[in-house]
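Okay, structure first, notes after.
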Amino acid sequence: MLRSWLLATTTATAILFAPLAAMAEGKDIVVTYKDDIVTLDPAIGYDWVNWSMIKSLYSRLMDYEPGTAKLVPSLAESFEVAPDGLTYTFKLRKGVKFSNGRELVASDVKYSIERAVDPKTQGPGAGFFGAIVGFEDLTGGKATGLAGIEAPDDGTVIFKLSRPDATFLHVLAINFASVVPKEAVEAAGGDFGKKPVGSGTFALKDWVIGQKLVFEKNPNYYVKDMPKIDGFTVEVGQEPLVALLRLQKGEVDIAGDGIPPAKFLEIKNSADGAQMIVDGEQLHTGYVTLNTKVKPFDDLKVRQAVNHAINKDRIVRILNGRATPAKEVLPPLMPGYDKDYVGYAYDVAKAKSLLAEAGLADGFQTVLYATNTDPQPRIAQAIQQDLAAIGVKAEIRALAQGNVIAAGGTEGEAPMIWSGGMAWIADFPDPSNFYGPILGCAGAVQGGWNWSWYCNEELDKRATAADSMSDPAKSEERVEAWKKIFTDAMSDAPWIPVTNERRVVAKSLRMGGADNIYIDPTRVINYDAIFVK
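Sequential numbering of the sequence shown, starting at 791, is according to the working numbering.
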């Protein structure tokens, strides 16, 4: 399944570059979002809005062809993998410079990944690097670096793994593997997320908190003909409905929050609708987290009860049918998705029975967090009504995205979180990415994204074993192993899977390029590849 999916996305490359002759070089565009950006630090930033910006500010050893999930060397000019899968040797491109003018060298790669893993950074991506020798020593406070990363000279980086890792090249392409200069991090004094320095396609020119971020083209970027625009401005504090009206007037080029359901049919049926709407499937699951460390969600029967209580079809209707009901953790396009798995059907009587078995026949009170951008509060209200039908009184707290993330991963106080507006969109097209950060023990830490605080050590061992199957001949066996891990995780009901949602973006009539760079499988929006006609 993985191979065929990758081939399907890779064939989009020809489509992507076909219209480039008609584009206008040297343009600036405007993108809008409702919420402000919290950080542009690649070791910390991990929401769907800043993810695309971070991708464009920094470079990594590996990356993806625009609009596809095809891995290609990036900062690496070439690489070799030892036959046993335990040693990766990368040769760096020469002449790559940070935006501060200094040349990027191998020791920068080592420093950057060690920084992402170091517990002092409090970043959510440490677990991705768990196969590197010395990981436990660094995360356990017994070492200050990773013994498994060597930089014998300025142009060579060697990784030594404690076990084979089928995802390792993908890991070196995600934002947490972005390369940063140590002197800039230290000079920022803990504020590097507001003063980023990288070697990507763009550099941050200006940031007015609560108003806008201005990005300018990096004239020294090492990939030919990238980017296609001179820069882009991200205006924040823009209500999605207002952003759409401005887009229709030509004042905005991309309405980043998408099209609110209340406006979707109007835009779709308008004279220019077909040229303005980008609608595509994504590796996405929207879910409600159930904090397994908070009463009464520490009781399996309670978690199973609320799973049975949610009418997912109604939520799909709120989304104008731009989603399908989810029954498990993985989205249908992901290898390892079990089409035969039934999950927790909508069954109010069953939900009430399970609550009674848990000694809560009269229900209980709880708090449901959600982001405050339409339609998320309305979906939270639908969930609230479903819970009320089984006697559960849920107070809704609709907050800015950053506050919801803090309630889930920093304070760890949120009993329930509706993840819509953030949800989980794959960092790379492999089932392991839907486990480690959001269900694995490594993600159940301060700053992590496992907001259920669910840690099943036996499943963690099986997940590690599955990712150790790096031999392509074992790819089917590996996918089957992951399939069983996810259905077994759902037996513990740390989540309520709700929807697998399509992404719908509105762009101005002057924007060009294939749809898959506006709904990029690894970036959300690919700022490097978009262009003005």
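All C-beta atoms in this analysis are idealised placements derived from N, C-alpha and C, irrespective of residue type, glycine included. All of these numbers come straight from a predicted model, not from anything done at the bench.
Inset, instruction - Check whether the Cβ atoms of PRO1115 and ASP1128 sit closer than 8 Å, and answer yes or no. - result: In the sequence shown, the residue the question calls residue 1115 occupies position 325. In the sequence shown, the residue the question calls residue 1128 occupies position 338. Contact flag unset, no.
Inset, instruction - Using the Cα positions of VAL907 and LEU951, report the straight-line distance between them to the nearest angstrom. - result: On the sequence shown, residue 907 is found 117 positions in, with the first residue counted as 1. On the sequence shown, residue 951 is found 161 positions in, with the first residue counted as 1. A straight line joining the alpha-carbon of VAL907 with that of LEU951 spans about 15 Å.
Inset, instruction - Between the Cα of ALA1149 and those of ALA1095, GLY1237, ALA1170, PRO856, spot the shortest distance and give me the residue it belongs to. - result: If you number the sequence shown from 1, residue 1149 lands on position 359. The residue you asked about is not Ala; residue 1149 is Gly in the sequence shown. Closest option to GLY1149, Cα to Cα, is ALA1095.
Legend entry - GLY1230 versus ASN1240, ALA1283, VAL987, residue with shortest Cα-Cα distance: As a position in the sequence shown, residue 1230 is number 440, starting the count at 1. Here the closest residue by C-alpha is ASN1240.
Legend entry - Under the three-state DSSP convention, the category ASN1101 falls into: If you number the sequence shown from 1, residue 1101 lands on position 311. ASN1101: coil per DSSP, three-state reduction.
Legend entry - Boundaries of the alpha helix (DSSP H) in which TRP841 is found, first to last residue: Sequence index remark: in the sequence shown, residue 841 carries index 51 (1-based). Start and end: 838-847.
Legend entry - Contacting residues, own chain, Cβ-Cβ under 6 Å from GLY1046 (five flanking each side not counted): Taking the sequence shown and counting its residues from 1, one reaches residue 1046 at position 256. Counting only Cβ-Cβ distances below 6 Å, and skipping sequence neighbours, we find VAL821, THR822, TYR823.
Legend entry - Residue burial classification, GLN1028 (beta-carbon count within 10 angstroms, cutoff 16): The count along the sequence shown starts at 1 and reaches residue 1028 at position 238. Classification of GLN1028: buried, given that the 10 Å Cβ count is 16 or more.
Legend entry - Length-filtered (3 minimum) beta strand (DSSP E) runs lying within the segment 1268-1297: Qualifying beta strand (DSSP E) stretches, in chain order: 1285-1291, 1293-1297.
Legend entry - Per-residue DSSP class, three states only, for ASP1106: Position 316 of the sequence shown, counted from the start, is the residue given in the question as residue 1106. The sequence as given places Val at residue 1106; Asp does not occur at that position. Secondary structure at VAL1106: helix, using DSSP grouped into helix, strand and coil.
Inset, instruction - May I have the straight-line CA-CA distance separating ALA1064 from TYR1308, to the nearest angstrom? - result: Residue mapping note: residue 1064 aligns to position 274 of the sequence shown, counting from 1. Residue mapping note: residue 1308 aligns to position 518 of the sequence shown, counting from 1. Between ALA1064 and TYR1308, the C-alpha separation is close to 15 Å.
Inset, instruction - Look at the alpha carbon of PHE1276 and the alpha carbon of TYR1244, and state the distance between them as a whole number of angstroms. - result: As a first step, residue 1276 is located in the sequence shown; it is residue number 486 there, counting from the start. As a first step, residue 1244 is located in the sequence shown; it is residue number 454 there, counting from the start. Whole-angstrom Cα-Cα distance: 13 Å.
Legend entry - Under the three-state DSSP convention, the category TYR1308 falls into: Start at 1 with the first residue of the sequence shown, and residue 1308 comes out as number 518. Here TYR1308 sits in coil by DSSP.
Inset, instruction - Examine the ligand HEM and report whether any of its heavy atoms sits within less than 7 Å of the Cβ of PRO971. - result: Absent from the structure shown: the ligand HEM. Ligands present: none.
Inset, instruction - Can you give me the Cβ contacts of GLU870 inside the same chain, cut-off strictly under 6 Å, excluding the 5 residues immediately before and after it? - result: Against the sequence shown, residue 870 aligns to sequence position 80. Here the set comprises THR879.
Legend entry - Own chain, CB closer than 6 Å to PHE1218, minus 5 neighbours either side, in chain order: Here residue 1218 refers to the residue found at position 428 when the sequence shown is read from its first residue. If we look at PHE1218 and ignore the five residues flanking it on each side, its Cβ neighbours are HIS960.
Inset, instruction - Take ARG1300 and list the residues in its own chain whose beta-carbon comes closer than 6 Å to its own, dropping the five residues that flank it on each side. - result: On the sequence shown, residue 1300 is found 510 positions in, with the first residue counted as 1. VAL1322, LYS1323, listed in sequence order.
Legend entry - Three-state secondary structure (DSSP) of ALA814: For the purposes of this step, residue 814 is taken as residue 24 along the sequence shown, with counting starting at 1. Residue placement at ALA814 cannot be trusted, given a pLDDT of 45 that sits under 50; what the coordinates show is reported in the next sentence. If DSSP states are grouped into helix, strand and coil, ALA814 belongs with the strands.
Inset, instruction - Leaving aside the five residues before and after VAL1026 along the sequence, list all residues of the same chain whose C-beta is less than 6 Å from its C-beta, in chain order. - result: By one-based count along the sequence shown, residue 1026 stands at place 236. Taking VAL1026 as the centre and dropping the five residues before and after it, the same chain places the C-beta of TYR823, ASP826 closer than 6 Å to its C-beta, in chain order.
Inset, instruction - Given a cut-off of 8 Å, decide if SER846 and PHE982 are closer than it, judged by their beta-carbon atoms. - result: Translated into the one-based positions of the sequence shown, residue 982 becomes position 192. Translated into the one-based positions of the sequence shown, residue 846 becomes position 56. Their beta carbons are not under 8 Å apart, which means PHE982 does not touch SER846 by this criterion.
Legend entry - 8 Å contact criterion, which GLY1199 and GLY1226 should meet: CB distance rounded: Counting from 1 along the sequence shown, the entry for residue 1199 is found at position 409. Counting from 1 along the sequence shown, the entry for residue 1226 is found at position 436. No, GLY1199 and GLY1226 are not in contact; Cβ-Cβ is about 14 Å, not under 8 Å.
Inset, instruction - Return the first residue and the last residue of the beta strand (DSSP E) that GLY1076 is part of. - result: Locating residue 1076 in the sequence shown gives position 286, counting from the first residue. Run containing GLY1076: 1074-1080, per the beta strand (DSSP E) assignment.
Inset, instruction - Report the rounded CA-to-CA distance for ASN1290 versus ARG1112, giving the unit in angstroms. - result: Working through the sequence shown from its first residue, we reach residue 1290 at position 500. Working through the sequence shown from its first residue, we reach residue 1112 at position 322. For ASN1290 and ARG1112, the distance between alpha carbons rounds to 9 Å.
Legend entry - Within 8 Å, strictly: CB atoms of GLY938 and PHE949: Here residue 938 corresponds to residue number 148 of the sequence shown, with the count starting at 1. Here residue 949 corresponds to residue number 159 of the sequence shown, with the count starting at 1. With respect to the 8 Å criterion, GLY938 and PHE949 are classified as neighbours on the basis of their beta carbons.
Inset, instruction - Less than 8 Å between the CB atoms is what I'm expecting for VAL1314 and SER842, so what's the real figure, rounded? - result: On the sequence shown, position 524 is the one that residue 1314 refers to. On the sequence shown, position 52 is the one that residue 842 refers to. So it is a contact: roughly 5 Å between Cβ atoms.
Inset, instruction - Would you list, in sequence order, the uninterrupted beta strand (DSSP E) runs of no fewer than 3 residues that lie entirely inside the segment 1163-1198? - result: 1182-1189
Legend entry - Contacts around ASP1318, its chain only, beta-carbon distance under 6 Å, and the 5 residues preceding and following it disregarded: As a first step, residue 1318 must be located in the sequence shown, where it is residue number 528. Taken in chain order, the residues that qualify are SER846, THR991, MET1016, PRO1017.
Legend entry - Distance CB(VAL899)-CB(LEU861) smaller than 8 Å: Counting from one through the sequence shown, the residue named residue 899 turns up at place 109. Counting from one through the sequence shown, the residue named residue 861 turns up at place 71. Going by C-beta atoms, VAL899 is not nearer than 8 Å to LEU861.
Inset, instruction - Within the segment 931-1002, note down every full alpha helix (DSSP H) run reaching 4 residues or more, in order along the chain. - result: 958-961, 972-978
Legend entry - Stretch-stretch touch, CB-based, cutoff 8 Å, three pairs: the segment 916-924 with the segment 954-974: Short answer: they touch.
Inset, instruction - In angstroms with no decimal places, state the Cα-to-Cα distance between ASN1008 and GLU1267. - result: Reading the sequence shown from its first residue, position 218 is the one you call residue 1008. Reading the sequence shown from its first residue, position 477 is the one you call residue 1267. Answer to the nearest angstrom: the Cα atoms are 44 Å apart.
Inset, instruction - Between the Cα of PRO1050 and those of ILE1067, ASP1043, TRP1272, GLU855, spot the shortest distance and give me the residue it belongs to. - result: If you number the sequence shown from 1, residue 1050 lands on position 260. Here the closest residue by C-alpha is ILE1067.
Legend entry - Rounded C-alpha distance that separates PHE925 from ASP831: By 1-based counting over the sequence shown, the position of residue 925 is 135. By 1-based counting over the sequence shown, the position of residue 831 is 41. Whole-angstrom Cα-Cα distance: 21 Å.
Legend entry - Proximity of PHE1224 and TRP1208 at Cβ, strictly below 8 Å: As a first step, residue 1224 is located in the sequence shown; it is residue number 434 there, counting from the start. As a first step, residue 1208 is located in the sequence shown; it is residue number 418 there, counting from the start. Result no, Cβ atoms of PHE1224 and TRP1208 do not sit closer than 8 Å.
Legend entry - LEU943, buried or exposed, once every other Cβ within 10 Å from all chains shown has been counted against 16: For the purposes of this step, residue 943 is identified with residue 153 of the sequence shown, where counting begins at 1. Residue identity check: residue 943 is Asp in the sequence provided, not Leu. Classification of ASP943: exposed, given that the 10 Å Cβ count is below 16.
Inset, instruction - Taking the CB atoms as reference points, tell me whether ARG1292 and GLN1072 lie closer together than 8 Å. - result: Taking the first residue of the sequence shown as 1, we reach residue 1292 at position 502. Taking the first residue of the sequence shown as 1, we reach residue 1072 at position 282. Yes, Cβ-Cβ distance for ARG1292 and GLN1072 is below 8 Å.
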